[in-house]
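Here's the structure, in structure tokens; my notes come after.
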Amino acid sequence: MNLTVTKYERVWIEGLNRGDVSVADEAFAPDCVIHIAGAPEPNLSVSAFKELVAGLLTAFPDLQITVEDQIIAGDKVATRWLAEGTNTGPLGDTPPTGKRAKFEGLILDRVVGEQVVERWEQWDQMGMLQQISVIQ
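Below, the structure is given as structure tokens:
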């Protein structure tokens, strides 16, 4: 099965896999709101989202993300993703553990043109923290 991924998501994921969060400016509308369950601030601007993701990429500099599924219905796009990387950098105030983690998430985007105008995202933060032995 050959999976076709939307252009904006391909740009975003390829950027993340290179460690480049600046591609968010192409994938997301300037006034986009990103809702992430479990984030310290659940309703993020694009700049705050880039800062949050940059922190994750600092903790997992070799992080690789793949899109596993994507479904498009009208102006909504649902994406299931999988990420894997090694915790060789600090995660906030927590020092690196050197352990690998594999975690997944789900996204629902509202898209206008070729940019996300609103995103709802949930991912397995608890599982990732358990795998790197930050929590039990």
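Just so we're aligned: the sequence shown equals residues 187 to 322 in the numbering used here. Yeah, the Cβ is synthetic: ideal placement off N, Cα and C, and Gly gets one too.
- Task: Taking only the alpha-carbon atoms, compute the straight-line gap between residue 315 and residue 266 and give it to the nearest angstrom.
- Result: 20 Å
Rounded to whole angstroms, what's the CA-CA distance from residue 221 to residue 304? Just pull it up for me. 8 Å
Excluding the 5 residues flanking residue 202 on each side, which residues of the same chain have their C-beta closer than 6 Å to its C-beta? 251
How long is the line joining the alpha carbons of residue 237 and residue 218, rounded to whole angstroms? 15 Å
* **Buried/exposed call for residue 271, threshold 16 Cβ in 10 Å** => buried
* In angstroms with no decimal places, state the Cα-to-Cα distance between residue 292 and residue 308. => 5 Å
For chain B, check one thing: does any of its Cβ atoms lie closer than 8 Å to the Cβ of residue 220? Considering every chain present, this structure includes no chain B. It has just one protein chain.
For this session: In the DSSP assignment, find the unbroken beta strand (DSSP E) run with residue 286 in it and report its ends.
Result: 286 to 298
Legend entry - Buried or exposed (CB count within 10 angstroms, at least 16 for buried), residue 259: exposed
#### Entry: residue 313, DSSP secondary structure in three states
helix
Check: Would residue 298 be called buried (16 or more neighbouring beta carbons within 10 Å of its own) or exposed?
Finding: exposed
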